[in-house]
Amino acid sequence: MPENPPLLVEFNHPVMVGKENEYMAQAIAAARISGDGQFTRKANALLEQQLGVPKVLLTTSCTHALEMFAILLGIQPGDEVILPSFTFVSTVNAFVLRGAKPVFADIRPDTLNLDEKQLEAKVTSRTKAIVPVHYAGVGCEMDAILEIAHSSNVAVVEDNAHGLFGRYKGRYLGTFGVLAAQSFHETKNFTCGEGGALLINDPALIERAEIIREKGTNRSRFFRGQVDKYTWVDIGSSYLPSDLLAAFLFAQLEQREKIQSHRQKVWNYYFEALKGWALAHEIVLPCVPFYCDQSYHMFYMLLPTLELRQGLIAHLRRHAIESVFHYLPLHQSDMGKQFGGRTGDCPVTERVSDQLVRLPFHNALTSVDQERVVEAILEYDFSHEKILPVHLLCRGHP
Ligand SMILES: Cc1ncc(COP(=O)(O)O)c(C=O)c1O
1370 MPENPPLLVE FNHPVMVGKE NEYMAQAIAA ARISGDGQFT RKANALLEQQ
1420 LGVPKVLLTT SCTHALEMFA ILLGIQPGDE VILPSFTFVS TVNAFVLRGA
1470 KPVFADIRPD TLNLDEKQLE AKVTSRTKAI VPVHYAGVGC EMDAILEIAH
1520 SSNVAVVEDN AHGLFGRYKG RYLGTFGVLA AQSFHETKNF TCGEGGALLI
1570 NDPALIERAE IIREKGTNRS RFFRGQVDKY TWVDIGSSYL PSDLLAAFLF
1620 AQLEQREKIQ SHRQKVWNYY FEALKGWALA HEIVLPCVPF YCDQSYHMFY
1670 MLLPTLELRQ GLIAHLRRHA IESVFHYLPL HQSDMGKQFG GRTGDCPVTE
1720 RVSDQLVRLP FHNALTSVDQ ERVVEAILEY DFSHEKILPV HLLCRGHP
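This is the structure we're talking about:
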């Protein structure tokens, strides 16, 4: 077998699941492909109705929805924002762009979500927001997080990039914070390539959100006939996606039951097929508390060591299967260090970052693909993978 044969099972593979082509053609035929056309409105309305959110605004990405958080919360230089170190860089960058100081919290070792027990000690008079990230679409401990936030008068804003249609104690993720952000990047359950949404749970923020998303103008009010001209009224940027993308996304959202039931099967298959092997080799499989309905965004495993994790990724690659790891701890990154991050600050994050591997997971994954992945995993020889060439290690490691 060649060292790295062409891939047979990709980590991700975005596919059309419904009327994507038809709706994009309709958007073109309507000669309305800039922002806030018919498909943007339909996608916003679908999400508002399904989630019970007062206002949803599609955005160009989750990153941009997060940037809108920071503007809407009035973040000023020196304000502090508490967030997990174990997250994507956009969660923190959005606030740092406005001058905030990130305060990194560690994660729980079971769900890999923000450790709510750390929050109280991290809240100061400068704290403006707590940002729970519902990792893998499994809800953070929202009861405790909201209690601490309310008692200290701090806003909760949810990074729900992974968690659309997931629930915590029966309530949809994205409906707990004053604001929430969704991602429709091609790796997500529902996609339009690059895209996102801002969920606004506090109606008092709706009008300003519309303005910020429309370059700081009151153009949305103008289109509704509420003002006779539009003008520059606030800071803002261009955060609204083309209606072509919204058309693609709306077709995907219409198929939400089909997509979610497929992903549930994929997740359950991995879990059932790997649980015995995991137990035998001290591998940790995802933990979903009984009161959380997950969004079936990903399937990850925690290997005992970095070497074994890197060995498994290389082993799967030799079997033409792509698997990936993430996130590198933000507090240990170059930028994180500039904000005072030091090794040892978030021990669970540091350990998990070395151990985590994500298996192929997408809307076109077949049972044959999954059998191939599981078969290759079960063949992984732990004894031979302990010493690895340095180039296979993701970063400097003692
Ligand atoms: C937790 C989290 N937040 C934000 C983002 C950014 O999403 P987008 O690519 O839509 O900007 C990601 C990307 O995967 C993510 O994982």
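Residue numbering for the sequence shown follows the working numbering, starting at 1370 and increasing by one per position.
Beta carbons are placed, not taken as given, at the ideal position from N, Cα and C, and that holds for glycine.
1) Please find out if some non-hydrogen atom of ligand 1 comes closer than 7 Å to the beta-carbon of ASP1528.
2) Please confirm whether any heavy atom of ligand 1 lies closer than 7 Å to the CB of THR1493.
3) Rounding to the nearest angstrom, what Cα-Cα distance links VAL1386 and LEU1614 in this structure?
4) What number of angstroms, rounded off, separates the C-alpha of TYR1665 from the C-alpha of HIS1695?
5) Can you give me the Cβ contacts of ARG1536 inside the same chain, cut-off strictly under 6 Å, excluding the 5 residues immediately before and after it?
6) Out of PRO1478, TYR1504, ALA1474 and VAL1500, state which residue places its alpha-carbon closest to the alpha-carbon of ALA1490.
7) How many Å lie between ASP1528 and LEU1435 at the Cα?
8) Provide the residue span of the alpha helix (DSSP H) that contains ASP1528, from first to last.
9) Would you say the beta carbon of VAL1502 is closer than 7 Å to some non-hydrogen atom of ligand 1?
10) Would you mind listing the alpha helix (DSSP H) stretches within the stretch 1447-1477 that are 4+ residues and don't spill past its ends, in chain order?
11) What does the alpha-carbon distance come out to for the pair GLU1391 and ALA1400?
12) Put LYS1706 into one of helix, strand or coil per three-state DSSP.
13) With DSSP as the reference, label THR1409 as helix, strand or coil.
14) Using the beta-carbon count (16 or more within 10 Å), is LYS1557 buried or exposed?
15) Under 8 Å between the Cβ atoms of ARG1582 and TYR1599?
16) Using the beta-carbon count (16 or more within 10 Å), is LYS1706 buried or exposed?
17) In chain order, which continuous runs of the beta strand (DSSP E) of length 3 or greater are located wholly inside the stretch 1410-1436?
18) Just checking THR1432 against ligand 1 - is the residue's beta carbon closer than 7 Å to any of the ligand's heavy atoms?
19) Taking its Cβ as the centre, do 16 or more other Cβ atoms sit within 10 Å of PRO1375, making it buried, or is it exposed?
20) Taking SER1403 as the reference, give the member of TYR1638, GLN1739, ARG1741 and TYR1608 with the closest Cα.
21) Can you check DSSP and say which residues form a bridge with ALA1498?
22) Between the beta-carbon of VAL1502 and the beta-carbon of PRO1471, is there less than 8 Å?
23) May I ask you to check if the CB of GLY1532 is nearer than 7 Å to at least one heavy atom of ligand 1?
24) Taking the alpha helix (DSSP H) that ILE1581 falls in, what are its first and last residues?
25) Please report how far the alpha carbon of LEU1654 lies from the alpha carbon of VAL1693, in whole angstroms.
26) Ignore the nearest five residues each way along the sequence and tell me which others in GLY1562's own chain have a CB closer than 6 Å to its CB.
27) Alpha carbons only, please: which of PRO1572, ILE1690 and ARG1727 is nearest the one belonging to TYR1379?
28) With a threshold of 7 Å, establish whether the CB of HIS1554 neighbours any heavy atom of ligand 1.
29) Can you check the stretch 1584-1666 for any alpha helix (DSSP H) of at least 4 residues that lies completely inside it and give the ranges in chain order?
With the given structure in hand:
1) By one-based count along the sequence shown, residue 1528 stands at place 159. Result yes, Cβ under 7 Å from ligand 1.
2) For the purposes of this step, residue 1493 is identified with residue 124 of the sequence shown, where counting begins at 1. Checking the Cβ of THR1493 against ligand 1 gives no.
3) As a working mapping, residue 1386 is identified with position 17 in the sequence shown. As a working mapping, residue 1614 is identified with position 245 in the sequence shown. So the two alpha carbons sit approximately 15 Å from each other.
4) Taking the sequence shown and counting its residues from 1, the one referred to as residue 1665 is at position 296. Taking the sequence shown and counting its residues from 1, the one referred to as residue 1695 is at position 326. Cα-Cα distance, rounded: 17 Å.
5) Translated into the one-based positions of the sequence shown, residue 1536 becomes position 167. Hits under 6 Å: ASP1662.
6) Translated into positions along the sequence shown, residue 1490 becomes position 121. The residue with the shortest Cα to Cα distance from ALA1490 is ALA1474.
7) The residue labelled residue 1528 in the question sits at position 159 within the sequence shown. The residue labelled residue 1435 in the question sits at position 66 within the sequence shown. So the two alpha carbons sit approximately 7 Å from each other.
8) Within the sequence shown, the letter at position 159 stands for residue 1528. From DSSP, ASP1528 is part of no alpha helix (DSSP H) but of the beta strand (DSSP E) over 1524-1528.
9) As a first step, residue 1502 must be located in the sequence shown, where it is residue number 133. Correct: VAL1502 has its Cβ closer than 7 Å to ligand 1.
10) 1458-1465
11) Here residue 1391 refers to the residue found at position 22 when the sequence shown is read from its first residue. Here residue 1400 refers to the residue found at position 31 when the sequence shown is read from its first residue. If I take the Cα positions, the gap works out to 14 Å.
12) The sequence position of residue 1706 within the sequence shown is 337, counting from 1. Helix at LYS1706.
13) Position 40 of the sequence shown, counting from 1, holds the residue named residue 1409. Helix.
14) Position 188 of the sequence shown, counted from the first residue, corresponds to residue 1557. Result: buried.
15) Walking along the sequence shown from the start, residue 1582 turns up at place 213. Walking along the sequence shown from the start, residue 1599 turns up at place 230. Their beta carbons are not under 8 Å apart, which means ARG1582 does not touch TYR1599 by this criterion.
16) Counting from 1 along the sequence shown, the entry for residue 1706 is found at position 337. So LYS1706 counts as exposed.
17) 1424-1428
18) As a first step, residue 1432 is located in the sequence shown; it is residue number 63 there, counting from the start. Checking every heavy atom of ligand 1 against the Cβ of THR1432, one is found closer than 7 Å.
19) The residue labelled residue 1375 in the question sits at position 6 within the sequence shown. When all chains shown are included, PRO1375 counts as exposed.
20) Position 34 of the sequence shown, counted from the first residue, corresponds to residue 1403. Among TYR1638, GLN1739, ARG1741 and TYR1608, the Cα nearest to that of SER1403 belongs to TYR1608.
21) The sequence position of residue 1498 within the sequence shown is 129, counting from 1. Answer is VAL1450 and ALA1524.
22) Start at 1 with the first residue of the sequence shown, and residue 1502 comes out as number 133. Start at 1 with the first residue of the sequence shown, and residue 1471 comes out as number 102. No, the Cβ-Cβ distance between VAL1502 and PRO1471 is not below 8 Å.
23) As a first step, residue 1532 must be located in the sequence shown, where it is residue number 163. Outside the cutoff, so no.
24) Sequence index remark: in the sequence shown, residue 1581 carries index 212 (1-based). Unbroken alpha helix (DSSP H) run through ILE1581: 1575-1582.
25) By one-based count along the sequence shown, residue 1654 stands at place 285. By one-based count along the sequence shown, residue 1693 stands at place 324. Near 15 Å, if we compare the C-alpha coordinates of VAL1693 and LEU1654.
26) For this step, residue 1562 is matched to residue 193 along the sequence shown. Same-chain partners within the cutoff: GLU1555.
27) The residue labelled residue 1379 in the question sits at position 10 within the sequence shown. The residue you asked about is not Tyr; residue 1379 is Glu in the sequence shown. Taking only the C-alpha atoms, the option nearest GLU1379 is ILE1690.
28) For the purposes of this step, residue 1554 is taken as the residue at position 185 of the sequence shown. It does: the Cβ of HIS1554 is within 7 Å (strictly closer) of some heavy atom of ligand 1.
29) 1588-1592, 1612-1623 and 1625-1649
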